[in-house]
Structure formats: C-alpha cells, structure tokens
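Numbering (this note's numbering), first residue to last: 1 to 203.
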C-alpha cells in the first residue's frame, strides 16, 4: 500500500476506476453467463423461456393482429434492442474509464514533476540526487498505474463486446425465423397461422 500513498490522490482515483470498471464488466459477464438461451436448431415451440422465445412469441402476436406489414421488421429490431439494453448498460462507462485512465496517470506525472522542479528551485539548484530521484519515481508511478488500469479494462471490454455481439446475432436469428416465413406466407387468420407454425417446426 506504500505505492498508493506515494502516488497521491491520483492513485486513489485510478484504484476507484479499476474497481468500478471491473465490477461492471464482471456483472455483465455473469448476467450473460446465466442467461438461458434457446437452441435454434429445434422448433420454437420447444424452446425454453428466454429472450429468443419472447421475441418470437411477440412477433407472432403481432402477426395474428396485423398480418405481415413493413413495420414488422422495425418491431423485431425494437424487441431485440429491448433485450440487449440490460447487457449494454454501463459499457460506455467502462470505455470512458479505460480511455481516461492513462490521461489521468499522465496528469499525475506532470503534477509530480512540477513539484519536483519546485523543490529544485527552492533549493537553488543544490538538490540531493536521491531526493530528486525519489520525487521523479513518485511522479512516474501514476502513469504506470494508469496504464495498468486501462489495459485490462480495454481487453476485458473487447471480449465482453464480442460475446454480446454473438448474443445479439442469436436474437436476430430467432427473429428471422418469423420474419422470413412471414414474408413468404400470408397469415390472415388463426387457421393459417397454425399451418405456418407447423411449417416453422422443421426450421
């Protein structure tokens, strides 16, 4: 903990950056990990409760009421966005923390160097080399900590965004089961809808 005390307030801010960023990333990873996903290779009727099933069920409800319409794709996009929103919450915050951590570390280094040169000025140029080296070491410490905070956050954020991208594609595939069939089959009443759903079972 000595290096934290020597780094001054900037180090404490960077530690808070790290804790907050890692907490957000870990919570999103766990949220995604425990989210139940449907197997798209089987029929929607056999899917367990999950985002894919909710999207398909809601699109089918729209089809029962309105039939196929140009607004159906917009509805699907809205449903997918609603399902993705909880996972994307906080990601912009992590990006801001990761991008500003090196700058904050650099700011700490600059302020530390200013203090070191003030010591030289006050001593009239006669400064102990060991004391000066210690001051510079403390100043450079903030840059090192800033990079140590930013690099892991950026790497973990990249992997999380990749995982969310795959989940987003999964939701699009589920919606496509309805959209693609609705464009080729005119669903005007419940009887035709039941016939269409029996065809969807083999998709």
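Backbone N, C-alpha and C fix where the C-beta goes; we use that ideal spot for every residue, glycine too.
Nothing here was measured: the structure is a model prediction, and the numbers come from that model.
Q. Of all the options 150, 109 and 29, which has the alpha carbon lying nearest to the alpha carbon of residue 208?
A. In the structure as shown, the chain begins at 1 and stops at 203. Residue 208 is therefore absent and cannot be evaluated.
Q) If you run the structure through DSSP and keep just helix, strand and coil, what is residue 117? A) helix
Q.
Within the continuous alpha helix (DSSP H) that includes residue 75, where are the two ends?
A. 71–88
Q. Quick one, are the C-beta atoms of residue 51 and residue 83 less than 8 Å apart?
A. Cβ atoms of residue 51 and residue 83: closer than 8 Å.
**Q.** Per-residue DSSP class, three states only, for residue 48
**A.** coil
Q. CB residue 15 to CB residue 107, shorter than 8 Å?
A. no
Q | Neighbour-count burial assignment, residue 86, 16 or more Cβ in a 10 Å radius | A | exposed
Q. Would residue 25 be called buried (16 or more neighbouring beta carbons within 10 Å of its own) or exposed?
A. buried
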